[in-house]
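Notes follow the structure.
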Amino acid sequence: MAFHRVGAGGGMSLPLIRTLVDRLVGGLIVLCVSVAAIPVLVLLLFVLINGLPGMLTPGFFTDPPYPQGVPGGGVLNAIIGTLEIVGIGSLLAVPVGALIGIFLSEYGRNQVGNTVRFISDVFTGLPSIAFGIFGYTVVVLTTHHFSALSASIALAVLMLPVILRATETALVLVPNSLREAGLALGAPRWRVTLEIIVPAALGGIVTGALLAMARAAGETAPLLFTAFGNDIVQTNPWQPMGALSLTIFRNALVPYPNLQQQAWAAGLLLVALVAATNILARIYVRRIQR
Amino acid sequence: MIATASMQTKVAPPPLRDVDAEIKLDARHVDFFYGDFQALHDASLAVQARKITALIGPSGCGKTTFLRVFNRMHDLVPGTRASGEVLLDGHNVLSPDTDVINLRRQVGMLFQRANPFPKSIYDNVAYGPHILGWSKIQIDQVVEESLKDTGLWDEVKDRLRRSARRWIRSPRCASRNSCKNSRSGIRS
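Chains as they are written, first to last, in our numbering: chain A, 11 to 300; chain B, 9 to 196.
Written as structure tokens, this is what we have:
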């Protein structure tokens, strides 16, 4: 057995230069983390400070917007719109995306799977306004009408690649021994997949779906010429509809302070909605996995 | 009875055969390849019905590989290939027209490591019979019997339905055969 002596004396004290390098690298890492974290914290703080007064205004949650120049008013139209548009979009995208993800993970080790993966990756990289154009040409132009549904479809297509890749990743992480254990009992492949593999990966699948929903909820560009916006409270998906992101976009550009305040408040509400969904999902996933 | 099969030698010693014994599973001249690497060389083994047969050898000599051929688990690993014959009740398991799902229902397999499914204790024990389409009453009965046989019943009877991520190893009924009278269960 050979020993390599550290330092000439073989003592326990580290050489000065190593201590310095250690401190330096440690400091660099702290710096990098701060550079990444500070903008997020500043943003949250800004939204909180500027949005809270608007949110506490009476009628913010319960009233539709008033005409420009009239004080007061709320964003009820946008709250309902965001929930409905993202909700319908998720109903369309989550089942399809999860099924494609299952296919990719369990049956997609071939050319078909690689093609699907490639297309999905291309979709992930598309600018979100392109999905708006898709919704516009496919739904709005054919129905001759702006509608919440066209926005839902645009957002569904936007969510699809996120969901299917997250599902695939979650399923691939399930150990192969679990598949073999199921198959060794004489279970057909599809049963092993649906009854064993998918439940084992449910946490990852749900997380992926929620990430996609959060992203969709914050999108503005795909809604501009699909949902179009609507100052009247509207629940019919065939009609134009408001959305929180549209409220932020429109109200931030008008010279009325009360509407600008409303835009901040809508931003805060959007952040809070997304955060709440994520936290609830995590709690849910932890519970079903226990 | 214990049969030892040395599988890395070119010619396996002739398995001990009892003339009167009913041979349940008969592996004849099995060669097995992982890609270009040949893992089994002309391995033969006769397994008698209603007897426990143990396969002994140093680690890495191919015991598990050999066993996995018996219910075609090697199909799941891309690039593997088995030749020779494995006769189960006279039918060659390795022939392309074998229904592997049915085969695996007849030839159960227990793995070296326990693989609890992300389900409740009850559902884990019941999964085999559940696949076979047993009735609820039959499954209830077999779950209770299996857990009693393994001495776990008293410990787990109150939390059978609770979904558990980390829990004790439990017996899983591989099939009617391997569960009820261990006719053709493989323990790896």
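Idealized CB from N, CA, C, for every residue including glycine.
Residues of chain A with a Cβ closer than 8 Å to the Cβ of N110 of chain B are, in chain order, G196.
Interface residue (Cβ-Cβ distance to chain B less than 9 Å): L193 of chain A is classified as such. Residues of the region 55-80 of chain B whose Cβ lies closer than 8 Å to any Cβ of chain A, in chain order: N79.
Taking a contact to require three or more Cβ pairs closer than 8 Å, the region 70-89 of chain A and the region 273-286 of chain A qualify as touching.
The residue among A:A237, A:L290, A:I207, A:A47 with its C-alpha nearest the C-alpha of G145 of chain A is A:A237. No Cβ-Cβ contact shorter than 9 Å links A227 of chain A with L256 of chain A. Going by C-alpha positions, L30 of chain A is about 40 Å away from V57 of chain A. With respect to G192 of chain A, V202 of chain A sits close: the two C-beta atoms are nearer than 9 Å. At a cut-off of 9 Å between beta carbons, I173 of chain A makes no contact with chain B.
For the region 184-212 of chain A, not one full-length beta strand (DSSP E) segment reaches 3 residues or more.
Taking a C-beta cut-off of 7 Å against chain B, the contacting residues of the region 210-232 of chain A are A210, listed in chain order. In this structure, DSSP gives S52 of chain B an extended state, which the three-state scheme calls strand.
CA-to-CA, the gap between L165 of chain A and I48 of chain A works out to about 30 Å. Beta-bridge partners assigned by DSSP to R36 of chain B: B:E93. Short of 7 Å from the beta carbon of L168 of chain A, and not among the five residues preceding or following it, lie these beta carbons of its own chain, in chain order: S138, F141, A226, E229, P232. Contact with chain B is absent for I242 of chain A, since none of that chain's Cβ atoms lies less than 9 Å from the residue's Cβ. Among the CB atoms of chain B, none fall inside 9 Å of the CB of R33 of chain A.
Taking CB atoms only, P104 of chain B has no neighbour in chain A less than 9 Å away. Distance from M251 of chain A to I95 of chain A at the Cβ level is roughly 6 Å; contact confirmed, criterion being Cβ atoms closer than 8 Å. Restricting attention to A:P267, A:F259, A:I110, the CA atom closest to the CA of A219 of chain A is found in A:I110. Rounded to the nearest whole angstrom, the C-alpha separation of V45 of chain A and I39 of chain A is 10 Å. Residue contact with chain B for S115 of chain A: absent (no Cβ-Cβ distance below 9 Å to any residue of chain B).
Taking the C-beta atoms as reference points, N110 of chain B is found nearer than 9 Å to G196 of chain A.
Cβ contact annotation for V85 of chain A (same chain, cutoff 6 Å, sequence separation greater than five): T257, A276, in chain order.
Close CB contacts of I147 of chain B within its chain, under the 6 Å cut and outside five residues either way in sequence, are with A134, P137 (chain order). K127 of chain B has a beta carbon lying within less than 9 Å of a beta carbon in chain A. Collapsing the DSSP output to three states places T61 of chain B in coil. Along the region 108-144 of chain B, the beta strand (DSSP E) occurs as fully enclosed runs of 3 or more residues at 116-118, listed in sequence order. In terms of Cβ geometry, D83 of chain B and V108 of chain B form a close pair [threshold 9 Å]. For N87 of chain A, the enclosing alpha helix (DSSP H) stretches over residues 86-117.
With a threshold of 9 Å between beta carbons, I139 of chain B makes contact with chain A. Contact annotation: in the region 136-164 of chain B, residues whose CB is within less than 7 Å of a CB in chain A are G136, I139. Per DSSP, reduced to three states, the secondary structure at Y146 of chain A is helical.
If the five residues before and after Y294 of chain A are omitted, its C-beta is found closer than 6 Å to no C-beta atom of its own chain. In this structure Q249 of chain A does not touch S160 of chain A by the C-beta definition: roughly 11 Å separates them, more than the 8 Å allowed. In the three-state reduction of the DSSP assignment, Q244 of chain A falls in the coil class, being assigned neither a helical nor a strand state.
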